[in-house]
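Novice: Please read through the structure below; I'll follow up with questions.
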Amino acid sequence: MHRNKLYSIILVYCTAGYVWLWFDMYGRLSLHSDVVRACLIKRLTGLPCPSCGSTRSVEAILDGKYIEAMLINPIGYVLVAIMLAAPLWILFDLLTKRQTLFDFYGRIERCFKKSAVVVVFTLLIILNWIWNIDKAL
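End of the sequence shown = 211 in the numbering used here, gap-free, step of one.
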């Protein structure tokens with residue numbers, strides 16, 4: 075994948091995340107209501123997915139409720155870090171005519187080709203999923 079394509083994809087996803095967050099925080103319908111339920115897995119199975127609660131976790135972080143955010147879903151911290159850092163990092167690369175984010179992405183991609191890393195990451199996601207199910211998120 076080329077640098078500009080990766081940066082475009084990241085910016086589109088970050089923008090979608092900001093729109094989603096704005097809609098949930100300030101829109102007329104809350105995404106947590108019974109009228110609008112965002113998670114297809116939960117809607118079909120009645121069980122939460124590993125990322126269920128991520129929006130509420132991000133909102134709790136933005137409200138300064140850090141422990142509550144961790145208890146809702148720790149993935150919220152990852153999302154906040156990406157949504158804040160990625161656009162700034164892309165801007166830095168564009169202004170300095172470098173590709174530090176692209177190079178970092180390549181290192182992460184190579185890291186995930188190692189089976190031990192994939193196993194650990196997968197176990198963390200599964201544990202988070204079990205925790206979400208246990209707390210009836």
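Even glycine gets a Cβ: it sits at the ideal position worked out from N, Cα and C.
#1: So what's F195 in DSSP terms, helix, strand or just coil?
#2: Does the Cβ of N78 have 16 or more other Cβ atoms within 10 Å, making it buried, or fewer, making it exposed?
#3: Measuring only between beta-carbons, confirm whether I84 sits less than 7 Å from chain D.
#4: Can you check whether the CB of P124 is closer than 7 Å to the CB of N202?
#5: Once you ignore the five residues that flank A160 on each side, which residues in its own chain have a CB closer than 6 Å to its CB?
#6: Anyone know if the C-beta pair for L50 and V132 falls short of 7 Å?
Specialist: Let me lay it out:
#1: helix
#2: exposed
#3: Protein chain content of the structure displayed is limited to a single chain, and chain D is not contained in it.
#4: yes
#5: I84, C88
#6: Only positions 75 to 211 of the chain appear in the structure, and residue 50 is not among them; the question remains open.
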